[in-house]
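Everything on this sheet refers to the single structure shown next.
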Amino acid sequence: MKITVTHIGTATALLEIAGLRLLTDPAFDAAPAEYRRGPVVLRSTAGPALAASELPPFDAVLLSHDEHPDNLDVTGRTLLADHPVFTTVSGAGRLGGRAVGLSPWETRTLTVGEHTLRITGTPCQHGPVGDVTGYVIEVPGEQEAVYVSGDTVHFPELDEIGRRFSIGTAVLHLGAARVAAFSDELVTMDGAQGAALTRSLGARRVVPLHYASWEHFTEGRAEIDARFAEAGLADRLHWLTPGTPEVVGD
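Numbered continuously in the working numbering, the sequence shown closes out at residue 253.
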């Protein structure tokens, strides 16, 4: 199944699927910037490839979680009010408005005009506290689905995704994010975990997101390329030029 993806920055992307346009994890603040959350300090080093004002019209937001500024920042929050927002159950309670909370394996339907998508929440494990969700996006009548991981490490429950769905394209949050306040343990996948999940999913294509522009990311493109090559999966990677719409799939 062909989709069009525009990587804007960090985990922010536009996914064009079957006539609908979805915005993921909107983060549009200028950089560099510093954000303090209790004992945690996160610093951005580069801004988005497109400003919020340059976005084309979109139909809904997929928000993996609302609590971290590399997934939803001040500017990103201004984009939520006029759109359906699919997010965690706890996040929907905090955001209110048109936010819809998804539990793992819960499915909702997004219909705009004559176009319909099925959106299913998927499990995530992202540090010691807070809820996060990923997504499987299905088009009625299509065999392949699209998976968006959200911020997560690879853990056993994710292997269920490949048993339930036929994943054509996997959009993976990588970067091996680590935060000193959480004992420097991984809070997003590194390249090795991303490759292992790709194999588990049976995904034909992988679009990497969430691997640059923040100080707490410890792996970039070179490390991800190396780990996928070691796993014999280098041909699955589909790197995008930020700000440029690109067709993924066949």
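Backbone N, C-alpha and C fix where the C-beta goes; we use that ideal spot for every residue, glycine too.
Just measuring C-alpha positions, the residue of 128, 53 and 75 sitting nearest residue 189 is 128. Measuring C-alpha to C-alpha distances from residue 108 to each of 94, 25, 181 and 137 identifies 137 as the nearest. Here DSSP, grouped into helix, strand and coil, assigns residue 226 to helix.
By the 16-neighbour rule on beta-carbons within 10 angstroms, residue 158 is exposed. In the structure shown, residue 17 adopts extended strand secondary structure according to DSSP, grouped into three states. Spatial neighbours of residue 110 in its own chain (CB-CB distance under 6 Å, excluding positions within 5 residues in sequence) are listed in chain order as 121 and 123. Ranking 183, 163 and 222 by CA distance to the CA of residue 200 puts 163 first. With fewer than 16 other beta carbons inside 10 angstroms of its own, residue 97 counts as exposed. Contact holds between the region 42-49 and the region 67-78, because three or more Cβ pairs, one in each stretch, are under 8 Å apart. In the three-state reduction of the DSSP assignment, residue 163 falls in the helix class, which pools H, G and I. DSSP places residue 77 in the uninterrupted alpha helix (DSSP H) bounded by 77-80. For residue 202, the enclosing alpha helix (DSSP H) covers residues 194-204. The region 18-28 and the region 48-65 touch, with no fewer than 3 CB-CB distances between them shorter than 8 Å. Here residue 98 carries a helix assignment [DSSP, helix/strand/coil].
Counting the other CB atoms within 10 Å of its CB gives residue 166 a total below 16, which places it among the exposed residues. In the same chain as residue 36, and ignoring 5 residues on each side of it, the C-beta atoms closer than 6 Å to its own belong to 47, in chain order.
Assigned with DSSP and collapsed to three states, residue 216 falls in coil, not helix or strand.
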